[in-house]
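Per our numbering, numbering of the sequence shown is gapless, rising by one per residue and ending at 190. By construction, the Cβ of each residue, glycine as well, lies at the ideal position given by its N, Cα and C atoms. Note that the structure is predicted; figures quoted are calculated from it, not measured. To start, the structure under review is shown below, and the notes come after it.
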Amino acid sequence: MGFVHVHLIPYVHDVGFTHMTNAGAQFLLALVSIAAALMTGRVSDRIGRRRPMSLTFSWRGLAYFGFMMLALWPSPLLLYAAVICMGLSWSSTVSLLATTCADLYGRRSQGSVFGVVFGVMNWSAALGAWLPGYLFDVTNSYQSALLANVLVAWVASGVVLWLSEWWRPQQQMVGTAD
């Protein structure tokens with residue numbers, strides 16, 4: 013996600029979009045992200061965590077693939093499709109990871125476990141901002157960084173789908189502790 017935080021706006025501008033189109037795409041990404049986070053949490057409470065998490069990583073890979081294709085076909089339709097895919101995956105991972113931590117380690121440990129997971133996510137985002145910048149400096153292109161993001165996202169999607177389901181529906185009672 014570091015690429016999106018740091019490099020997406022200059023990349024979209026470099027492939028020929030106006031500042032207004034770029035701003036509209038960023039706004040759409042944010043709106044879809046909020047809706048997707050709420051929807052993903054609700055869906056995962058009903059069907060489990062594994063399939064929504066795998067789908068989230070698939071959407072992310074598809075978004076990065078769309079960003080790659082913008083260099084070949086810089087159309088607003090492709091830009092908006094890619095940011096919608098990114099929005100579907102952006103905040104969804106947070107709700108899925110938080111609930112997964114609770115599922116696997118219990119609510120009493122959720123704060124500690126999710127704190128470690130979220131810390132690793134931030135270090136990964138920092139690397140995801142630095143590495144594309146380095147690759148851009150070396151190659152004068154973002155394509156290798158985008159391809160790496162596509163591959164990582166789709167491998168993550170496959171790995172999560174390959175895992176056995178760890179979520180079990182439980183009757184939640186108000187006022188009880190794990």
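Exercise. Using three-state DSSP, classify residue 126 as helix, strand or coil.
Key: DSSP places residue 126 in the helix class (H, G or I) of the three-state scheme.
Quiz item: By how many angstroms is the C-alpha of residue 39 removed from the C-alpha of residue 127?
Solution: 28 Å
Exercise. Can you say whether residue 176 is buried or exposed, counting buried as having 16 or more other CB atoms within 10 angstroms of its CB?
Key: exposed
Quiz item: What residues in its chain sit with their C-beta under 6 Å from that of residue 169, if we drop five residues either side in the sequence?
Solution: 66, 69 and 70
Exercise. Inspect the beta-carbon positions of residue 96 and residue 162 and report whether they are closer than 8 Å.
Key: No, they are not a contact pair.
Practice problem: Please name the residue in 172, 158 and 166 whose C-alpha comes closest to that of residue 78. | Solution: 158
Quiz item: Quick one: what does DSSP say residue 103 is sitting in, helix, strand or coil?
Solution: coil
Quiz item: Under a three-way DSSP split, which group does residue 134 fall into?
Solution: helix
Practice problem: Keeping to the same chain, check which residues put their C-beta closer than 6 Å to that of residue 137; ignore five residues upstream and five downstream. | Solution: 13 and 14
Quiz prompt | Reference residue 143; option with closest CA among 113, 28, 125 and 160 | solution = Measuring C-alpha to C-alpha distances from residue 143 to each of 113, 28, 125 and 160 identifies 160 as the nearest.
Quiz prompt | residue 19 - DSSP class collapsed to helix/strand/coil | solution = Coil.
Quiz item: According to DSSP, is residue 154 helix, strand or coil?
Solution: coil
Exercise. Please report the residue range of the alpha helix (DSSP H) in which residue 71 lies.
Key: Residue range 62-82 is occupied by the alpha helix (DSSP H) that includes residue 71.
Quiz item: If you draw a straight line from the C-alpha of residue 52 to the C-alpha of residue 105, how long is it?
Solution: 9 Å
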